[in-house]
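Taking my numbering, the leading residue of the sequence shown gets 1158, the next gets one more, and so forth. Note that beta-carbon positions come from the ideal geometry of N, C-alpha and C, so glycine has one too.
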Amino acid sequence: MSPRGSRSINYSASPLLASKTPVWRSKFIVAALALAFVGLGARAAYVQVFGNDFFQRQGEVRFARTLELPANRGRVLDRNGLILATSVVAQSLWAIPEDVDKADPKLKTLAKLLGLPFSELKKKLANEDKTFVWVQRQVDEPLAKEIAALGIKGIYQTREYKRQYPEGEAAAHVVGFTNVEDRGQEGVELAFNKQLSGRNGSRRVIKDRLGRVVEDVRDVVPPVDGPDLQLSIDSKVQYFAYQKLRDAVLAHKAKAGSVVVLDTQTGEILALANYPSYDPNRRARLSGEQLRNRVLTDSFEPGSTMKPFIAGLALDKGLVRPETQIQTAPGRIMIGGSSIGDAHPHGILTVNEIIQKSSNVGTVKMAMQMHPREMWEIFAQAGFGQKPHVPFPGAVSGRLRPYKTWRPIEQATMSYGYGLSVSLFQLAQAYTIFARDGELIPVTLLKAETPATGVRVFSEKNTVAVRKMLEMATGPGGTAPQAQTMGYSVGGKTGTAHKQEGKGYAAKKYRSFFVGLAPVEAPRIVVAVMVDEPSNGQYYGGLVAAPVFSETVQQTLRILGVQPDMNVKPQIVTEIVEESF
């Protein structure tokens, strides 16, 4: 009898326990376990030995990252070493949305600091499936420190470079700007983007899920900073030319204006400005009107500024001399059934006086003695109808039709600037012919140390004669006495052209321009000015554009250290000779 409280277990009483287990079942279980261990061993061998490279790559894809080490973009400098564009450190904010507490009250403070509507910030952080989202790029350093002090979980900062432009709107169309990726979008920044960018470096690292670097897995490749770029632009000349142009556009209630200043010794562009302009440091609301580099992208009929080329060609061909007299009475001439006239009848004029008073009739009479091919060749040699050799994007070639298609009336109108189109830049470069004793010189936007070598267009003797005509045009009895400059002799030519609208011309819309050189005896600069649609009562080039030329010339020559060649003040002229157009 078993002890009290104990119970004996009778296995035979349970059919389940009493049943015999088949031998194959236990063998199967043992075999299955052995097979499982063999499979695990084979898998381990595959992962650790045979497929190791594949799994290493997969691990790197998930945790290893190549961090780009951005190169510092090269600075853009003016000819004197003053900064036109430079890069400064700026922090960019990013977030891991799933880590951000959407109820954190500090998010409202963040939105306020960034100048964002709180709803927009919430929208950026709404997608929790993303492990990375930009909050805002290129935040100024002081603001970045304020944001870091908030200590918001899931919000991080990374260092980038932000471009700054000290000269602002005055040099905007020259320098241009970059986007947030530090790639050039306009102007020099776009034209020389590859050179300025340098070469980015790299760093291969292991990161945790929070984006923190755990360790480096490869040697760091250091970045190569972009070299500085020194332009031919003189920031003082640029600023002054822009200011005077802006004042003229506003005073004459014009649509727009442009000015370009060239150094006739080296072919350097000292200034290139447009109005309206924009501040490249603040580009939130830019329009096409502001971005257009009108000096290079806008073409127009140059009007009377073409007449000196006809006079020079007539002199070179031996058709006339400066003192040759030409009858312009009664102030009109018929060509192919069309009438061409002067603003006022002048009677007999010498070739000098034809340019001085801008006579259409006198110019046409000289031009019609020439073969169309001769006119076309001289225009082509001056650079018209050809794209300028400057790095700016969007520079136009203008329009110069083949001479074989010219009718007599077209040959006549082209002699005084209708029927072809040019840009202000082309016009300024073409006038280097008169400044360099008959040679057209190449122009450059980069600083040049040596004199430019030109291509002969007119003979030196006849070019000097035309230059005297240009001087007469700015004196008493000329169309542009307001171009005269204190202390310096000047020469140049006005232009006033009706604007084209459709297939015809607008009755009361004009472009006013003036292009000239100084000092006359040994020209150092060429300045070209264009004012588009002046609407405040005056529209002649001698009244609208010539004063901008005068002020720009005086300031530029002083900055360049050119000694005055006149001891008297410019004459005060109360009567302006109206030009024909």
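How would you call residue i, buried or exposed, if buried means at least 16 neighbouring beta carbons within 10 angstroms?
| i | result |
| --- | --- |
| W1533 | buried |
| H1409 | buried |
| Y1696 | buried |
| A1189 | exposed |
| Y1399 | buried |
| P1704 | buried |
| S1707 | buried |
| L1267 | buried |
| R1442 | exposed |
| M1687 | buried |
| P1179 | exposed |
| N1517 | buried |
| G1634 | exposed |
| S1244 | buried |
Taking 8 angstroms as the CB-CB cut-off, is residue i touching chain B?
| i | result |
| --- | --- |
| S1392 | Considering every chain present, this structure includes no chain B. It has just one protein chain. |
Am I right that residue i and residue j are in contact with their C-beta atoms under 8 angstroms? What's the rounded C-beta distance?
| i | j | result |
| --- | --- | --- |
| P1680 | Y1645 | Not really, about 10 angstroms apart at Cβ, beyond 8 angstroms. |
| S1354 | A1247 | Going by Cβ atoms, the distance from S1354 to A1247 rounds to 17 angstroms, so no, they are not a contact pair. |
| I1390 | A1348 | Contact doesn't hold; Cβ gap of about 13 angstroms is too wide. |
| L1597 | G1540 | 7 angstroms |
| L1584 | P1459 | 6 angstroms |
| R1320 | K1604 | About 21 angstroms separates the two Cβ atoms, so there is no contact after all. |
| G1673 | G1649 | 2 angstroms |
| D1436 | E1510 | Going by Cβ atoms, the distance from D1436 to E1510 rounds to 47 angstroms, so no, they are not a contact pair. |
| E1489 | S1496 | Residue identity differs from the one stated: residue 1489 is Arg in this sequence, not Glu. About 5 angstroms separates the two Cβ atoms, so the contact holds. |
| L1427 | G1414 | Not really, about 18 angstroms apart at Cβ, beyond 8 angstroms. |
Using the Cα positions of residue i and residue j, report the straight-line distance between them to the nearest angstrom.
| i | j | result |
| --- | --- | --- |
| Q1293 | I1304 | 12 angstroms |
| E1658 | P1529 | 27 angstroms |
| A1664 | T1709 | 31 angstroms |
| S1692 | Q1720 | 37 angstroms |
| G1718 | Q1568 | 43 angstroms |
| F1671 | D1385 | 35 angstroms |
| W1563 | I1240 | 49 angstroms |
| M1158 | V1187 | Residue confidence for M1158 is low, a pLDDT of 48 falling below 50, so the modelled location carries little weight; the figure read from the coordinates is stated next. Looking at the two C-alpha atoms, the distance is approximately 42 angstroms. |
| E1343 | H1330 | 8 angstroms |
| V1416 | Q1586 | 13 angstroms |
| R1451 | R1478 | 37 angstroms |
| V1195 | L1250 | 51 angstroms |
| K1660 | F1536 | 24 angstroms |
| G1341 | F1549 | 12 angstroms |
| N1350 | A1430 | 21 angstroms |
| L1506 | T1520 | 11 angstroms |
| I1142 | P1262 | Since the displayed the chain opens at 1158 and closes at 1738, residue 1142 lies outside it and no answer follows. |
| A1637 | E1277 | 58 angstroms |
| R1558 | G1574 | 13 angstroms |
| M1723 | G1652 | 26 angstroms |
| V1406 | Y1432 | 8 angstroms |
| E1531 | P1380 | 56 angstroms |
| S1183 | L1197 | 21 angstroms |
| T1335 | E1346 | 6 angstroms |
| T1570 | D1339 | 48 angstroms |
| A1622 | G1231 | 47 angstroms |
| P1487 | T1642 | 35 angstroms |
| D1594 | A1609 | 13 angstroms |
| G1469 | E1617 | 10 angstroms |
| A1630 | T1462 | 11 angstroms |
| I1512 | S1434 | 34 angstroms |
| K1287 | G1311 | 12 angstroms |
Within 7 angstroms: the Cβ of residue i and any heavy atom of the ligand NAP?
| i | result |
| --- | --- |
| T1315 | Absent from the structure shown: the ligand NAP. Ligands present: none. |
Among all the DSSP beta bridges, which residues are the ones paired with residue i?
| i | result |
| --- | --- |
| A1247 | E1317 |
| W1291 | W1251 |
| T1335 | G1341 |
| E1303 | For E1303, which the question treats as bridged, DSSP gives no partner whatsoever. |
| V1296 | Q1248 |
| L1234 | I1240 and Q1387 |
| I1312 | A1252 |
| Y1645 | T1642 |
| F1457 | V1579 |
| Y1662 | Q1657 |
| K1650 | V1672 |
Ranges of the alpha helix (DSSP H) found wholly within the region 1665-1714, counting only runs of at least 4: 1698-1701
Runs of beta strand (DSSP E) lying entirely within the region 1463-1509, each at least 3 residues, in chain order: 1482-1484, 1489-1492, 1495-1498 and 1505-1507
Those runs of the alpha helix (DSSP H) which lie wholly inside the region 1374-1432 and span at least 4 residues: 1392-1408
Uninterrupted alpha helix (DSSP H) stretches inside the region 1587-1641 (no shorter than 4 residues): 1589-1592 and 1617-1630
Contiguous alpha helix (DSSP H) assignments of at least 4 residues, all confined to the region 1518-1563: 1529-1538
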